[in-house]
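Okay, so the sequence shown: first residue is 1 according to full-length UniProt numbering, each after it adds one. Note that beta-carbon positions come from the ideal geometry of N, C-alpha and C, so glycine has one too. As the structure is a prediction and not an experimental result, all values here were calculated from the model.
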Amino acid sequence: MNGRLFIISAPSGAGKTTLLQKVMEQTTGLAFSISHTTREPRPKEKDGVDYHFVSRKEFLSLQEKGVFLESAEVHNNFYGTSGEVVLKQLAEGIDVILDIDVQGAEILRKDSSLDAAFIFIAPPSLAELERRLRQRQTEDEATCKLRVENARKELKEAAKYHYLLVNDDLEEAVVMLRAIILAERAGQHRGFSGQSVAIEGINGKDEK
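Pasting the structure below:
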């Protein structure tokens, strides 16, 4: 029996990492796909746990060998998902979460062999996203501005996803994401989350 594939995207600063950690802790039979990246590790991140941290040369070599199910350049760094690992887990009946950007999601959306649920995690507003980015103090001013600008573009892709989840309250978001996963496991009909009405504000129309 094949496992379920959950493709999750979010702008940097939407709180996706913490949200996924809590969902993983509370949900059995769920594996997290560890991506390769060329970016520098953040404080407390561990190689082989959060990401496989590699050099640009190593990444491009793996890319050339066809190792990645998808790969993309985001915020001037490369990210890629190992196809062999993910497909093996799915074949063993394990449900897999892919934490990938909108570019990678678009690549996989075109792969007719993958029956995946696409979930977009959004911040309550761009102002809140920028506040979170500055609060974590892991990027300089130029990088922070780049991430906010990229977030504007990424939010426009949300309508392509099966579900939109606005991460305003963490505990509520955990409950909602687990509900989506359990519904998918039960084979229930996919649809856009009720929080989709918030996308107008997120896209910046409420920003002064």
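Following the DSSP letters along the chain, one finds Ser33 in no alpha helix (DSSP H), marked with neither H nor E. Apart from the 5 residues on each side of it in sequence, Val54 sits with its Cβ closer than 8 Å to the Cβ of His36, Thr37, Thr38, Leu62 in its chain, given in chain order. Taking C-beta atoms as the reference points, Pro123 and Ala159 fail to come closer than 9 Å. Only residues of its own chain outside the window of five on either side were considered, and among them Pro11, Val102 have a CB closer than 6 Å to the CB of Glu154, listed in chain order. When Cβ pairs closer than 8 Å are counted between the two stretches, the segment 132-146 is seen not to touch the segment 90-102, the count staying below three. Residue state for Leu114 is assigned as coil, using DSSP reduced to three classes. In the DSSP assignment, Val23 falls within the unbroken alpha helix (DSSP H) covering 16-26. Runs of the beta strand (DSSP E) spanning 3 or more residues and lying entirely within the segment 47-101 occur at 68-74, 77-82, 95-99, in chain order. Cβ-Cβ separation between Leu165 and Ile121: approximately 5 Å, consistent with a contact (criterion under 8 Å). Straight-line spacing of the CA atoms in Gln137 and Gly13 works out to 11 Å. Separation of the CB atoms of Ser82 and Leu69 is rounded to 7 Å, and the pair is thereby assigned contact status at 8 Å.
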